[in-house]
Amino acid sequence: MVPIWSWLTSPASWAGPDGIGARLLEHLGYSAVTLLIAALIGIPLGLYVGHTGKGRVLVVNLVNGMRSVPTLGLLFAAILLLGPRLPGDWAFLAPAIGVLVVLAVPPIVAGAYAGVDEVDPAARDAARGMGMTGAQVLAQVEVPGAMPLLFSGIRSAALQVIATATIAATVSIGGLGRFLIDGQALRNFAMMGGGAILVGLLALAVDGVFALAQRLIVSPGLLASGARTQRTRGSRRRPA
Numbered sequence: 094m095v096p097i098w099s100w101l102t103s104p105a106s107w108a109g110p111d112g113i114g115a116r117l118l119e120h121l122g123y124s125a126v127t128l129l130i131a132a133l134i135g136i137p138l139g140l141y142v143g144h145t146g147k148g149r150v151l152v153v154n155l156v157n158g159m160r161s162v163p164t165l166g167l168l169f170a171a172i173l174l175l176g177p178r179l180p181g182d183w184a185f186l187a188p189a190i191g192v193l194v195v196l197a198v199p200p201i202v203a204g205a206y207a208g209v210d211e212v213d214p215a216a217r218d219a220a221r222g223m224g225m226t227g228a229q230v231l232a233q234v235e236v237p238g239a240m241p242l243l244f245s246g247i248r249s250a251a252l253q254v255i256a257t258a259t260i261a262a263t264v265s266i267g268g269l270g271r272f273l274i275d276g277q278a279l280r281n282f283a284m285m286g287g288g289a290i291l292v293g294l295l296a297l298a299v300d301g302v303f304a305l306a307q308r309l310i311v312s313p314g315l316l317a318s319g320a321r322t323q324r325t326r327g328s329r330r331r332p333a
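Remember, this note's numbering sits 93 above the position in the sequence shown when you count from 1.
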């Protein structure tokens, strides 16, 4: 543990374009772009399915299928297919982000869909009885009610993306994964251990930021309701 701490606290480890600071920013950049794209895809899709009930079986099966895709194998396949058609660093960066998006979309879709699905039907009926249109019901009743589970899906996706973004280093892209790949190549186990610790700490920090945002945005009553729903679902999964 002492060599790892020495590497983490050494000024040389933080200096230059290959230092911890630069790699941390790269890792955050890849993760932020991935989450933004995944949210733009997953949130509308999950809300649409939850609101209309259309394509429910298809989306659930598609989400489960995407979760089972081997990430590293998909990355190399994407590079072989897209790499020759893209210029410069984009030949590696675009496929890597695309694969991470595939990883991030399922929990976001599931969170948005489950959140809308858990909204009290009486609240929907009351909104329609007041003359609200379908879009107004979605925006003013279902989306606010879905926020706890929607945030849970986004937090889950963020953790998975930050942890898995280390695979970008296997195709010569930056990020904290460089410390794992380069450390292995140089047999510098302090660098490898330090890189792994940094990835874990970054994931915890980002999850903490999302947890704080969730507490600020979602009303306490909805947070308690979402927690009860998740506990109920967990108890249903336990074998009798």
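All C-beta atoms, glycine included, are put in the ideal place defined by N, C-alpha and C.
None of these values were measured; they are calculated from a predicted model.
Check: Cβ separation of Phe-272 and Arg-116, assumed to be a contact under 8 Å, to the nearest whole Å; Outcome: 7 Å
Check: Chain-order list of residues whose beta-carbon lies under 7 Å from that of Val-311 (same chain, five-residue window excluded); Outcome: Met-240, Pro-241, Phe-244
Check: With 16 other Cβ atoms within 10 Å as the buried cut-off, status of Pro-110; Outcome: exposed
Check: Close beta carbons around Ile-130, own chain, < 6 Å, minus the five adjacent residues each side; Outcome: Val-194
Check: For Pro-237 and Gly-208, the rounded distance between their alpha carbons; Outcome: 9 Å
Check: Same chain only: Cβ atoms within 6 Å of Arg-160, ignoring 5 sequence neighbours per side; Outcome: Pro-199
Check: Beta-carbon separation (whole angstroms), Ala-296 vs Ala-256, contact threshold 8 Å; Outcome: 6 Å
Check: N- and C-terminal bounds of the alpha helix (DSSP H) containing Gly-112; Outcome: No alpha helix (DSSP H) contains Gly-112, which DSSP labels as neither H nor E.
Check: CA nearest to the CA of Gly-143, picked from Ala-228, Asp-210, Val-162, Gly-191; Outcome: Asp-210
Check: Which listed residue (Gly-288, Ile-97, Leu-196, Asp-218) has its alpha carbon closest to that of Ser-249; Outcome: Leu-196
Check: Reference Thr-164; option with closest CA among Ala-261, Leu-294, Phe-303, Pro-313; Outcome: Ala-261
Check: beta-carbon Val-311 near the ligand SAM non-hydrogen atom, thresh 6 Å; Outcome: Ligands displayed in this structure: none; no statement on the ligand SAM is therefore possible.
Check: Status (buried if at least 16 other CB within 10 Å, exposed otherwise) for Pro-188; Outcome: buried
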